[in-house]
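A.B. asks: Which chain is which? The protein sequence lines are E and L, in order. 1 is the number of the first residue of the first sequence in our numbering; add one for each residue after it. 1001 is the number of the first residue of the second sequence in our numbering; add one for each residue after it. Note that the Cβ used here is the ideal one computed from N, Cα and C, for glycine as well. A single structure is presented below for examination.
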Amino acid sequence: MPAQSDDRAGPLVWAAIIAATCLLLAALQKLLWLTVPFLLALILYYLLQPAMQALIYRGVRRESAAIAVMAGFLGGLLLAAMSALPRFGARLLDWQATLGRYLQGGQALLDHSLRNLEANWSLFAKARLAETAAARLAQFTDSLAGHLEPLVLGAAAWAPALLLTPFLAFFFLRDGRAFLRFVARAVPNAFFERTLDLLAEVDRTARAYFQGLLWLTVLDTLTLGIGLWLLGFPGAWLLGLICAVLAWLPYIGSIAGGLLVVLVAATDFPQAPEMAWWAVGLFVLARLLDDFVYMPLTIGKSLRMHPLLTVVMIFVGGAVAGVAGLMLVLPVLGVVMVVGQTLGRLIADARLMARHRHARRLRKKLAEADLAV
Amino acid sequence: MQIDHIPLAHLFGRRKLTPRLARLAQVSLFGQLSPGELDIVDGLLHQREYLADEVIFDAGEEGQALYIVLDGEVEVHRPDGNGNAAERIATLGPGSFFGDLALLDNLPRTAQARASRPALLAVFFRADFMTLMDTHARIASKIALQLAREMGRRIRQSQFGGGADGRPAWDRHL
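Dropping the structure here:
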């Protein structure tokens, strides 16, 4: 009987998994111009894969299916862009005024709330909370242009790299299977079956994660869209979608989405400050639904991670690689976890290692067979 | 589109098989597949080379794939449970396949497979078979039917035994 190894990864393997995840995040942060298009391409790949599978199911060849699906996606995108561009272009001209208006609305809401606090709590009144906050906010808005400029320039520099996304996604769709076969060819016979299992598991994990992320976005958009629509917010569905996409960034994204809606509420409903609190309440409700219902139903099931580990690793990811780390940490950890656990099992399996050494001896013997005179 | 599904294609004769596909067509598991279907299955197969005396898989190992002998020879050994030399239960040549239960579940292998001569094997991974069931249910059902036939044949053989002429006893009695 072969020596059987324990399927559970030990503390050493877990330490290696966490260390490898941190190293990868640090390395990926340096290659963000490639990492982000790559990640978006993976999302696009898993988004389009069901459509391609449906075409293959109908008898279309893989190559033709990949071309058809990508052409359909790009065509749809082009149509959407052509229909939205005139409206967007008209609004682009006064975007600065709009941004200023929403910031002023937010400022007014903050001022109003703090003055209410001061009126009710002498402690806050003594601290001149509203004045201090107003001064700091004015300082921030004065330097806003300085903060925005590098962001806008960075976005412009990234645009060409983002063009890689459909290009990469197309080749993932067309050649993904051939690439897996190519990788499998390099694996020694003794580890072949386990490695195939590993590759299938990595694919399963990544597919479940990204498809889960897309479902989560749909559910979040529906929840926030319905909630904001019931509250009477203008552009409720668009706001819901923006907040749902922002939520791809754990914690920071949700806070940014919440702030955005509060800003809209404060600006579009200046006479009804309670709308901002209703919006905050809606966000708390959406957050709770997200954490306890949607995520376990979508992403949570895919990664099979302990919730404590997930939360700790999100903070570790943020500390190691900033915003990029927050976004990348869960998929990277998911893949490293599968690879680490499988490698741990392979190395710990004495029988597989013995078979590998035996095969190497056989190959050496064959190579040296006719060398002796 | 797969030309084999269009009746007009038959007016122009059968699609010609490449030597590799012709070899796969000899495998009973794929015996019911059309050339176009064989081509799709071939895209899912991995190819491995084993030297004489190299272990392909061990008894007790979790099975993930079915193996098809394209060239060479493979022996199947069943362990006696006491760590003694395993009993040889089958010698398989080109066209044979083994490890087929792994296509259905991931239970441990019941025997060891070892190349007795240098062997070229095609490997059909369970995950790919499952994908095939989703994407090409017709092809997968043909393979599953052949697999069921092969298992039925083996069950009958194990119940009625085999004869000296190589034909199973049930074949001579029924």
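Just list the residues that DSSP pairs Thr21(E) with in beta bridges.
C.D. replies: Indexing the first sequence from 1 puts residue 21(E) at position 21. The partner list for Thr21(E) (beta bridge, DSSP) is empty, contrary to what the question assumes.
A.B. asks: Check whether chain L comes within 8 Å of Ala200(E), counting only Cβ atoms and requiring the distance to be less than that.
C.D. replies: The sequence position of residue 200(E) within the first sequence is 200, counting from 1. Yes - at least one Cβ of chain L is within 8 Å of the one on Ala200(E).
A.B. asks: Confirm, please, whether the CB-CB distance from Arg1109(L) to Gly1060(L) is below 8 Å.
C.D. replies: Start at 1 with the first residue of the second sequence, and residue 1060(L) comes out as number 60. Start at 1 with the first residue of the second sequence, and residue 1109(L) comes out as number 109. Against a cut-off of 8 Å, the Cβ pair of Arg1109(L) and Gly1060(L) comes out as a contact.
A.B. asks: Suppose you measure from the CA of Asp1134(L) to the CA of Arg62(E); what does that come to, to the nearest Å?
C.D. replies: Locating residue 1134(L) in the second sequence gives position 134, where the first residue counts as 1. Locating residue 62(E) in the first sequence gives position 62, where the first residue counts as 1. Answer to the nearest angstrom: the Cα atoms are 14 Å apart.
A.B. asks: The alpha helix (DSSP H) with Glu1037(L) in it runs from where to where?
C.D. replies: Here residue 1037(L) refers to the residue found at position 37 of the second sequence. Its alpha helix (DSSP H) spans residues 1035-1042.
A.B. asks: Cα-Cα, which of Phe1129(L), Met1151(L), Gln1159(L) is closest to Val1041(L)?
C.D. replies: The residue labelled residue 1041(L) in the question sits at position 41 within the second sequence. If we check each option's Cα against that of Val1041(L), Phe1129(L) comes out closest.
A.B. asks: So Ala247(E) and Asp291(E) are supposed to be a Cβ contact under 8 Å. How far apart are they, rounded?
C.D. replies: As a position in the first sequence, residue 247(E) is number 247, starting the count at 1. As a position in the first sequence, residue 291(E) is number 291, starting the count at 1. Rounded, the Cβ-Cβ distance is 11 Å, inconsistent with contact.
A.B. asks: Check whether the Cβ atoms of Val329(E) and Leu25(E) sit closer than 8 Å, and answer yes or no.
C.D. replies: As a working note, residue 329(E) is residue 329 in the first sequence. As a working note, residue 25(E) is residue 25 in the first sequence. In contact: Val329(E) and Leu25(E) (Cβ atoms closer than 8 Å).
A.B. asks: With a threshold of 8 Å, are at least 3 pairs of Cβ atoms found where one atom belongs to the segment 190-206 of chain E and the other to the segment 1051-1065 of chain L?
C.D. replies: Judged by Cβ distances under 8 Å, the segment 190-206 of chain E makes contact with the segment 1051-1065 of chain L, as three or more pairs qualify.
A.B. asks: Measure the beta-carbon distance from Leu1051(L) to Leu362(E) and round it to whole angstroms, keeping in mind my assumption that it falls under 8 Å.
C.D. replies: Walking along the second sequence from the start, residue 1051(L) turns up at place 51. Walking along the first sequence from the start, residue 362(E) turns up at place 362. Leu1051(L) to Leu362(E), Cβ: 5 Å. Contact.
A.B. asks: If you follow the beta strand (DSSP E) that Ser143(E) is part of, which residue opens it and which one closes it?
C.D. replies: As a first step, residue 143(E) must be located in the first sequence, where it is residue number 143. Per DSSP, Ser143(E) belongs to no beta strand (DSSP E) and is neither H nor E.
A.B. asks: For chain L, is any of its Cβ atoms less than 8 Å away from the one on Gln53(E)?
C.D. replies: Walking along the first sequence from the start, residue 53(E) turns up at place 53. Yes, Gln53(E) counts as interfacial toward chain L.
A.B. asks: The alpha helix (DSSP H) that contains Phe38(E), what's its start and end?
C.D. replies: Position 38 of the first sequence, counted from the first residue, corresponds to residue 38(E). Unbroken alpha helix (DSSP H) run through Phe38(E): 32-57.
A.B. asks: Report yes or no: is there a C-beta of chain E within less than 8 Å of the C-beta of Thr1018(L)?
C.D. replies: Indexing the second sequence from 1 puts residue 1018(L) at position 18. No, Thr1018(L) does not count as interfacial toward chain E.
A.B. asks: Chain L partners of Tyr382(E), CB-CB under 9 Å?
C.D. replies: In the structure as shown, chain E starts at 1 and stops at 373, and residue 382(E) therefore has no counterpart that could be examined.
A.B. asks: Taking the alpha carbon of Leu326(E) as the reference point, which residue from Leu74(E), Ser143(E), Leu42(E), Leu249(E) has its own alpha carbon closest?
C.D. replies: Indexing the first sequence from 1 puts residue 326(E) at position 326. When only C-alpha atoms are compared, the closest one is Leu249(E).
A.B. asks: Can you tell me whether His306(E) is helix, strand or coil according to DSSP?
C.D. replies: Indexing the first sequence from 1 puts residue 306(E) at position 306. Of the three classes helix, strand and coil, the one that applies to His306(E) here is coil, per DSSP.
A.B. asks: For a test of the three-state rule: what should DSSP assign to Thr205(E), helix, strand or coil?
C.D. replies: Start at 1 with the first residue of the first sequence, and residue 205(E) comes out as number 205. The answer is helix: DSSP assigns Thr205(E) an H, G or I state.
A.B. asks: Does the pairing of the segment 1097-1105 of chain L with the segment 1062-1074 of chain L give three or more beta-carbon distances under 8 Å?
C.D. replies: Contact holds: three or more Cβ-Cβ distances are below 8 Å.
A.B. asks: What residue does the beta strand (DSSP E) around Arg1088(L) start on, and which one ends it?
C.D. replies: Taking the second sequence and counting its residues from 1, one reaches residue 1088(L) at position 88. First-last of the beta strand (DSSP E) with Arg1088(L): 1087-1092.
A.B. asks: Which two residues bound the contiguous alpha helix (DSSP H) that contains Val280(E)?
C.D. replies: In the first sequence, residue 280(E) corresponds to position 280, counting from 1. Val280(E) -> alpha helix (DSSP H) spans 274-289.
A.B. asks: So the alpha helix (DSSP H) Pro166(E) belongs to, where does it begin and stop?
C.D. replies: Here residue 166(E) is taken as the residue at index 166 of the first sequence, counted from 1. That run of the alpha helix (DSSP H) goes 164-185.
A.B. asks: Starting from the C-beta of Ala359(E), find all residues in its chain whose C-beta is less than 7 Å away, skip the five residues before and the five after it, and write them out in chain order.
C.D. replies: Walking along the first sequence from the start, residue 359(E) turns up at place 359. Around Ala359(E): Pro188, Asn189, Ala190.
A.B. asks: Taking the alpha-carbon of Leu168(E) as reference, which of Ile43(E), Leu371(E), Val320(E) has the nearest alpha-carbon?
C.D. replies: Taking the first residue of the first sequence as position 1, residue 168(E) is located at position 168. Cα-wise, what sits closest to Leu168(E) is Ile43(E).
A.B. asks: I think Phe170(E) touches Ala66(E), with their Cβ atoms under 8 Å apart; what is that distance to the nearest whole Å?
C.D. replies: As a working mapping, residue 170(E) is identified with position 170 in the first sequence. As a working mapping, residue 66(E) is identified with position 66 in the first sequence. Going by Cβ atoms, the distance from Phe170(E) to Ala66(E) rounds to 6 Å, so yes, they are a contact pair.
A.B. asks: Less than 7 Å between the CB of Leu163(E) and some heavy atom of the ligand SAM, yes or no?
C.D. replies: Absence of the ligand SAM is noted for the structure shown, with no ligands found whatsoever.
A.B. asks: Thinking C-alpha only, which one of Thr310(E), Asp268(E), Pro11(E) is nearest Gly235(E)?
C.D. replies: Looking up residue 235(E) in the first sequence gives position 235. Ranking the options by Cα distance to Gly235(E), first place goes to Asp268(E).
A.B. asks: Any C-beta of chain L sitting closer than 8 Å to the C-beta of Glu368(E)?
C.D. replies: What you label residue 368(E) is simply residue 368 of the first sequence in a count that begins at 1. No, its Cβ sits nowhere closer than 8 Å to a Cβ of chain L.
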